[in-house]
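Taken in sequence, the protein lines are chains F and G.
Just so we're aligned, residue 2 is where the first sequence starts under the numbering used here, counting upward by one.
Just so we're aligned, residue 2 is where the second sequence starts under the numbering used here, counting upward by one.
Cβ atoms here follow ideal geometry from the backbone N, Cα and C, with glycine treated the same way.
Comments concern the structure below.
2 protein chains.
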Amino acid sequence: MRKSIATVCLSGTLTEKLTAAARAGFDGVEIFENDLVAAPLSPEEIRARCADLGLSIDLYQPMRDIEGVPEELFDRNLRRARHKFDLMRRLGADTVLVCSNVSPQTLADDSLAARQLARLADLAQDHGIRVAYEALAWGRHVSTYDHAWRIVEQADHPALGVCLDSFHILSRGSDPRGIEDIPGEKIFFLQLADAPLMAMDVLQWSRHYRCFPGQGGFDVTGLVRHVLNAGYDGPLSLEVFNDVFRQADAGRTAVDGLRSLLALEENAGVSPLPAPVVPSGVAFAELATGDPEPVGTLLTALGFARTGRHRGKPVELWQQGAARVLVNTGTSTRRSGTTLAAIGLETPDPAAAARRAEALLAPALPKRRAVHDVPLEAIAAPDGTELLHCATDRPGLPSWTDDFEPLHDAPSPAGGITGIDHLALTQPWHHFDEAVLFHRAVLGLRPHDSVDLADPYGLFRSRALTAPHGGPRIVLNLAPGPDDASGSRPQHVAFAVEDIVTTARRVREEGAELLRIPANYYDDLQARYELPADELETYRDLGILYDRDERGGEFRHCYTATVGHVFLELVQRTGGYGGYGAANAPVRLAAQRR
Amino acid sequence: MRKSIATVCLSGTLTEKLTAAARAGFDGVEIFENDLVAAPLSPEEIRARCADLGLSIDLYQPMRDIEGVPEELFDRNLRRARHKFDLMRRLGADTVLVCSNVSPQTLADDSLAARQLARLADLAQDHGIRVAYEALAWGRHVSTYDHAWRIVEQADHPALGVCLDSFHILSRGSDPRGIEDIPGEKIFFLQLADAPLMAMDVLQWSRHYRCFPGQGGFDVTGLVRHVLNAGYDGPLSLEVFNDVFRQADAGRTAVDGLRSLLALEENAGVSPLPAPVVPSGVAFAELATGDPEPVGTLLTALGFARTGRHRGKPVELWQQGAARVLVNTGTSTRRSGTTLAAIGLETPDPAAAARRAEALLAPALPKRRAVHDVPLEAIAAPDGTELLHCATDRPGLPSWTDDFEPLHDAPSPAGGITGIDHLALTQPWHHFDEAVLFHRAVLGLRPHDSVDLADPYGLFRSRALTAPHGGPRIVLNLAPGPDDASGSRPQHVAFAVEDIVTTARRVREEGAELLRIPANYYDDLQARYELPADELETYRDLGILYDRDERGGEFRHCYTATVGHVFLELVQRTGGYGGYGAANAPVRLAAQRR
C-alpha cells in the first residue's frame with residue numbers, strides 16, 4: 002500500500018521534513034497547515050518540491066471548527082474554507098481533513114452538521130477537493146468514529162467521507178470492528194498513530210505522547226485489518242505528535258516511521274517481509290579499546306582465557322564456557338575509550354536475517370571482508386552498536402571463529418562463567434522508542450514493560466527485549482537527561498555463572514575489584530528477606546546483590562569496576578527468575594557514582 | 002514553624018542532599034529509605050552528620066504494606082518493622098511513616114488494620130518511636146485521609162497517629178475541612194507538595210510531577226490552615242517527587258523549597274514577611290555587550306536617542322518616551338556576547354522591596370556603589386538576570402538617572418515608542434518552576450497559564466507574569482531540550498508603540514531589517530480574519546503579525562534581527578488585548594531559525 006507521513010511527525014523546516022520523508026522512501030505526505038504557514042516557499046513551490054522528491058500530497062490538514070454552528074457563523078466558516086480550497090488548488094492537494102468541532106459555539110444537532118458538511122462538500126467539489134471528516138476524541142459533540150460516519154452518511158455527498166485515525170478511535174476505547182460497516186469508498190483517509198497506554202487527559206496524551214505503530218500499547222494492526230476489510234485502498238499515513246520526535250533528527254525519525262509501517266503491513270497480512278530470523282544466542286560481545294591492558298586484566302580475573310587471535314586484524318578472542326569476548330584494538334576504535342562496539346548474534350540463517358534487516362531499512366555495514374575473513378552480515382542498531390548475524394562452529398555454515406588463529410598456550414578457562422546472560426545498552430535519548438521497535442521488528446525480540454530506575458542524579462528508563470524461546474537478552478536503558486554530568490553512555494555485559502560466590506571470590510583473589518555495596522543495603526536485605534546470616538555476610542563481603550520474585554525465583558549479581566564506558570556483571574539465576582534486579586539498580590547506580 | 006525537607010526532593014548522594022538542606026536553612030529532614038540504603042555512611046554516621054549540620058531527623062520513610070493482612074504475613078511484617086525500628090534507633094529518628102497498604106494481599110477490614118497498627122505501635126513504643134499512618138491516594142482499601150484517621154481512632158494507641166500529605170489529599174479531591182475534626186496531637190506529621198493540575202493516573206502524577214507549594218495548582222495554603230486549626234505543631238515538611246528536581250542542582254532546589262515554605266507561611270498567616278512591594282513599571286532594560294555598534298545602530302533605527310553617559314562606568318543611556326535602555330560595555334560583560342543582563346524595576350519603595358527579597362532568600366548582589374553612584378538594591382533572578390529595584394526621578398528618592406551625565410547634543414527621540422511592554426527571558430530548563438515562584442513571591446507578580454509554542458525543532462513552554470494593576474510584564478520561556486543546536490538562551494525586549502505601521506516604516510527607512518514573515522502567513526491571516534486588503538498588504542510588506550482575542554482586542558507586533566542573544570519587538574495593543582501573540586509564535590520562531 003502507499004505510505005504517507007504527516008509533516009507534523011518530523012522536526013525542522015518544511016523543506017527538511019519533505020526531504021526526510023522522501024529519502025526514507027515514503028510515497029506521500031500530509032501537509033500540516035502550520036508547517037505551510039511558517040514556510041518561506043509558496044504553495045506552488047511546495048508542490049514543485051514534492052514533485053521533484055517523488056512525493057504526492059495526500060492530505061491537507063486540519064480545517065477546524067466548521068460544522069454544526071449557527072448559520073451566520075457557518076457563512077464565515079465557508080468563506081474561510083474557500084480561501085483554503087484555493088490554497089489547496091495551488092498546492093495540488095485534493096483531500097482536506099475536517100476535524101469535528103470543539104468550540105463552545107457548536108450545537109448538538111447532527112442534521113445541522115450533516116447539512117453544513119454537505120454544503121462544505123459542494124464548495125470543495127467545485128475545487129476538485131474531497132472532504133474527510135474526522136471525529137476528534139475530544140470533539141465537543143462528535144467524538145467517536147461511528148458518530149462521524151452517521152453524520153457523513155446522513156449528508157450523503159460524493160465529496161464527503163470520513164477520515165479514520167487510530168489514536169482517536171483507540172484512545173476512546175471504541176470498538177474498531179464497526180469500521181467494517183462503513184463502505185470502503187467512504188473512508189477517504191486513514192491516519193495511524195500508536196501511544197503508550199496512559200491514564201491521562203486524552204488531548205494532552207494525543208499532543209505529546211503519540212508514537213509510531215508498534216512503539217506503544219494500541220492494537221493498531223487489528224484496526225488496520227478492519228479498515229482493509231471495509232475496502233479502504235488509500236494510503237497508510239502516519240500522524241504523530243511527539244515531543245521527542247519534534248527535537249530528533251528528521252531523517253532518522255522518517256526511517257523509523259517507515260519501518261513501523263512495513264512491520265505493520267507484515268502483521269496485518271498486507272505485504273510480507275522476509276520472515277524473522279530470531280537469534281538463538283549471543284555468539285560474542287566485542288569491546289573496542291585503545292588500551293587492551295585493563296580489559297585483559299579484568300577478563301583474566303574473571304577466568305577468561307585468550308584463545309585466539311584474528312588472522313588479519315588486531316582483535317583477540319577471549320573465551321570461557323559459551324561466553325566469548327572480542328577485544329579489538331584497531332585504530333578506528335581508539336578514539337572514544339573502551340566501548341561495547343559490536344554484538345555477534347548466533348543466528349540460524351545469517352543470510353535470511355540480513356534480508357529481513359535490509360527490508361526493514363536497517364543500515365547495512367560493510368561485511369569486513371579481508372582476504373581470509375568469513376563474511377559477516379552486519380547492521381547498525383540505532384545507538385550505533387554493530388549487530389553481526391553469525392554462526393559459531395555450526396555444520397554447513399562458515400564460522401566466524403575460522404578467522405581466528407587458535408592460541409595453543411592458552412590456559413583453561415576457570416571462572417565458572419557459562420555464557421552471556423544479557424547485554425545492556427544505554428541509548429541516546431532521542432532514539433529510545435526507535436531502538437525498541439528496531440530490536441522488535443528486525444531481530445524478532447519481544448519487548449517487556451518499561452521500568453523507571455532511580456539514579457542519584459535522575460531517573461533511568463529501562464526496557465528489556467528477549468527472544469521468545471531463550472536466546473539473547475538485550476536491555477535498553479535511557480539515561481536521565483542529556484545534561485548527565487559524565488556525558489557517557491555506559492554499557493555492560495552480564496555473564497551467567499553457576500555459583501556466583503565461587504566466581505566472585507575467584508575474581509577478588511585474582512586481584513580485581515568488585516563494586517563495593519554499602520552495608521546499609523545488607524541490613525535492608527536482612528529486613529526484607531531474612532536470608533541465613535552466613536549467606537548474608539558472604540554477600541556483604543563480596544558486594545553481591547540479591548533479588549527474589551513473587552514466585553520464589555532468585556537473582557544474585559555483582560559488578561566489576563568500569564573500564565572506559567563498559568562494566569561487567571556476574572549473574573546467577575535460579576527458580577525461573579526472569580528480571581534483571583531492578584530493585585537493586587538504585588544502590589548499584591549510586592555505588593557506581595562514587 | 003520548623004521546616005523540613007524529604008531527601009527524595011533533592012538530587013545527589015545522601016551527603017549532598019543533607020548539605021544542601023542545611024545550607025538552605027532547613028531545620029530538619031525526612032530520610033527517604035532508598036537514600037539511606039544506597040549511602041556508604043552507617044546510620045550512626047548519618048546521625049552525626051545531621052547533628053553537625055544542625056538538622057534534626059524528623060521522619061524515617063516509608064514503611065510499606067504492613068497492615069490489614071493475614072496473621073502469618075503480619076508476623077513477617079512485624080519482624081521487618083523490628084529491623085527498621087532498630088535502624089531508626091541507630092539513626093536517632095523517632096517517627097516513622099507507614100503508608101496504607103497497596104498489595105493484593107491486604108483485606109478490606111478496618112478492625113483488622115486497626116488491631117495490627119496498634120500492635121505495630123506497641124513495638125514502636127518499645128523503641129521510643131511513633132508511627133504516622135498515611136493514606137496513599139492509590140492505597141488498596143485506605144486511600145483518603147479521613148479513612149486513615151478512622152482506623153487510627155479505632156486503634157486508639159498513644160504511639161499511633163496520622164501523617165497528612167497535601168498531595169494525597171488534594172489529588173483525590175478530598176475536602177480538607179475535615180482535617181479540623183482530627184485532634185492536633187494525633188496529627189503526627191504533615192507533608193507538603195503541590196502539583197500542576199493534570200488529568201492523569203494519580204500514581205504517575207505523584208511520582209513524576211509533584212512540585213513545591215506555590216508552583217502548582219493545589220490550594221496548599223488552605224489545607225495548611227485547616228491543619229493548624231486542628232492544633233498541629235510539628236514541622237512543615239516538603240515531600241516532592243519530581244523528575245526535573247532529581248537532575249537539578251541540589252543546593253538551588255533546597256533554596257527554592259525553603260522559599261516556597263516561607264511564602265506558604267506568609268499566605269497561611271503563620272509568620273509574616275516584609276510586605277510585597279510590587280513594581281509599578283520597568284525603569285530600564287540593560288544590555289551588556291562587547292561591541293556596542295550593532296545595538297546602537299538598532300536603537301537608533303528604532304528612534305532611540307543616546308541621552309546620557311554613566312559618570313563612572315562604560316554604560317550609555319538610550320531613551321525614547323518611557324522606554325530606557327542601558328548599553329553596558331564593561332569588561333565583565335564582554336564574554337558572552339550581547340545579552341539582556343539586567344532589568345530596572347520601578348519600585349515604590351526600593352529598600353522595602355530589598356528587605357522582602359532578602360527574607361525570601363533572593364541572592365543579593367553588590368550595590369554597585371562607585372564614588373558617585375546611587376545605591377541600587379540588586380538581586381539575581383534564577384536565570385542570572387540582575388533585577389534592580391529603583392526609582393526614576395521620583396521626589397524623595399535618589400534617582401538612578403543621577404548617575405548619568407546628560408548628553409546635550411542628543412537628538413530628540415522620534416520612533417513612536419512609548420515604553421517597555423514586556424521582557425521575555427529564556428530560562429535554563431532545570432529552573433523554570435523555581436523562576437515562576439521567585440517572580441511571584443519576591444516581586445508579587447501573578448503567573449498566568451503556561452502555554453506550549455511550537456518551534457521547528459521542539460516545543461517551547463511559556464508563562465507570563467504580570468503585576469496586578471499594570472506594571473511590568475515578564476514572560477518566562479523554556480526552550481525545547483538542552484540539546485538545542487544553538488545552545489543559546491535568547492531573550493527579548495518588547496517596546497510599546499502607538500502606531501506600529503508608522504514605527505515599522507521608520508525602522509526600515511533607517512536601514513534596519515525587520516524579521517521577514519512568509520507570504521503564506523498573510524494568506525492564512527486573510528482566511529482567518531478578513532482584514533481590509535490594504536491593511537493586509539501593509540503587514541505583509543513590513544512583517545507585522547496580527548492576533549485578535551475573543552473579545553475583539555487586537556495585537557500587532559514585529560521583530561528586529563537578533564544581536565547576540567537579544568532581539569527587540571514592537572507591539573501595539575488595542576481593545577484590552579492581554580496576551581503576547583502566542584498564535585504567531587510558531588511562525589516567528591521558524592522565521593528566526595532561518
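Residue i, buried or exposed, once every other Cβ within 10 Å from all chains shown has been counted against 16
i	result
glutamate 243 of chain G	Looking at the sequence itself, residue 243 of chain G is asparagine, so the reference to glutamate does not match. Classification of asparagine 243 of chain G: buried, given that the 10 Å Cβ count is 16 or more.
arginine 552 of chain F	exposed
threonine 402 of chain F	buried
serine 12 of chain F	buried
alanine 52 of chain G	exposed
aspartate 257 of chain F	buried
alanine 425 of chain G	buried
leucine 346 of chain G	buried
proline 71 of chain F	exposed
threonine 222 of chain G	buried
glycine 579 of chain F	exposed
alanine 82 of chain F	buried
glutamate 510 of chain F	exposed
glutamate 186 of chain F	exposed
proline 105 of chain G	exposed
aspartate 157 of chain F	exposed
aspartate 434 of chain G	buried
threonine 503 of chain G	exposed
alanine 486 of chain F	Note that alanine 486 of chain F scores a pLDDT of 41, beneath 50, so its modelled location is shaky; the value from the coordinates is reported in the next line. By the 10 Å Cβ count, alanine 486 of chain F comes out exposed.
glutamate 294 of chain F	exposed
Any non-hydrogen atom of the ligand ZN within 6 Å of residue i CB
i	result
glutamine 573 of chain F	With respect to the ligand ZN, the structure offers nothing, as it holds no ligand at all.
Residues that residue i bridges to, as DSSP identifies them
i	result
methionine 201 of chain F	G:Met201
aspartate 128 of chain F	Per the sequence presented here, residue 128 of chain F reads as histidine, with aspartate not at that position. Histidine 128 of chain F is not bridged to any residue.
valine 498 of chain F	F:Ile418
lysine 4 of chain F	F:Leu237
proline 105 of chain F	Bridge partners of proline 105 of chain F: none, in fact.
proline 399 of chain G	Answer is none; proline 399 of chain G lacks a bridge partner.
asparagine 243 of chain F	F:Tyr210
aspartate 195 of chain F	F:Cys212
glutamate 31 of chain F	F:Ala7, F:Leu60
leucine 515 of chain F	F:Thr561
Anticipated Cβ contact below 8 Å, residue i with residue j, distance rounded
i	j	result
glutamate 287 of chain F	alanine 354 of chain F	Their Cβ separation, rounded to whole angstroms, is 18 Å, which puts glutamate 287 of chain F and alanine 354 of chain F out of contact at 8 Å.
valine 437 of chain G	arginine 464 of chain G	6 Å
alanine 39 of chain F	proline 587 of chain G	6 Å
| said: Does the contact criterion of 3 or more C-beta pairs under 8 Å hold for the region 2-19 of chain F versus the region 227-236 of chain F? | reply: yes
| Contact between the region 157-174 of chain G and the region 192-203 of chain G (3+ Cβ pairs under 8 Å) | Touching, yes, given that three or more Cβ pairs across the two stretches are closer than 8 Å.
| Enumerated in chain order, which unbroken segments of the beta strand (DSSP E) with a length of 3 residues or greater are wholly contained in the region 343-393 of chain F? | 378-381, 387-391
| query | Could you give the uninterrupted runs of the alpha helix (DSSP H) lying entirely in the region 548-591 of chain F, keeping only those of 4 residues or more? | reply | DSSP runs (the alpha helix (DSSP H)) wholly in the region 548-591 of chain F: none.
| said: I'd like to know if the region 133-147 of chain F and the region 200-209 of chain F are in contact, where contact means that at least 3 CB-CB pairs between them fall below 8 Å. | reply: Touching, yes.
| request: For the region 285-303 of chain G and the region 354-367 of chain G, state whether three or more C-beta atom pairs, one from each stretch, are separated by less than 8 Å. | output: The region 285-303 of chain G makes no contact with the region 354-367 of chain G; the number of CB pairs closer than 8 Å stays below 3.
| message | Under 8 Å: do the region 35-49 of chain F and the region 511-523 of chain G share three or more Cβ pairs, one atom per stretch? | response | yes
| Continuous alpha helix (DSSP H) assignments of at least 4 residues falling wholly in the region 251-337 of chain G | Runs of the alpha helix (DSSP H) inside the region 251-337 of chain G: 251-268, 293-302.
| Can you list, in chain order, the stretches of the beta strand (DSSP E) that have 3 or more residues and sit fully within the region 426-512 of chain G? | 447-456, 459-467, 474-479, 492-498
| Do the region 541-561 of chain F and the region 312-326 of chain F touch if we need at least three Cβ pairs shorter than 8 Å? | no
| request: Pair every Cβ in the region 550-565 of chain G with every Cβ in the region 290-308 of chain G, then say whether three or more of these pairs are closer than 8 Å. | output: Judged by Cβ distances under 8 Å, the region 550-565 of chain G makes contact with the region 290-308 of chain G, as three or more pairs qualify.
| Which runs of the beta strand (DSSP E) fall wholly inside the region 42-95 of chain F and span at least 3 residues, in chain order? | 57-64
| field | Meets three-Cβ-pair contact criterion under 8 Å: the region 453-468 of chain F and the region 384-404 of chain F | value | Contact between the region 453-468 of chain F and the region 384-404 of chain F is absent, because fewer than three Cβ pairs lie under 8 Å.
| query | Any chance the region 84-93 of chain F sits against the region 260-267 of chain F, with 3 or more Cβ pairs inside 8 Å? | reply | Proximity of the region 84-93 of chain F to the region 260-267 of chain F falls short of the contact definition, fewer than three beta-carbon pairs being nearer than 8 Å.
| query | Looking at C-beta atoms only, is the number of pairs between the region 113-125 of chain G and the region 57-72 of chain G that lie closer than 8 Å three or more? | reply | yes
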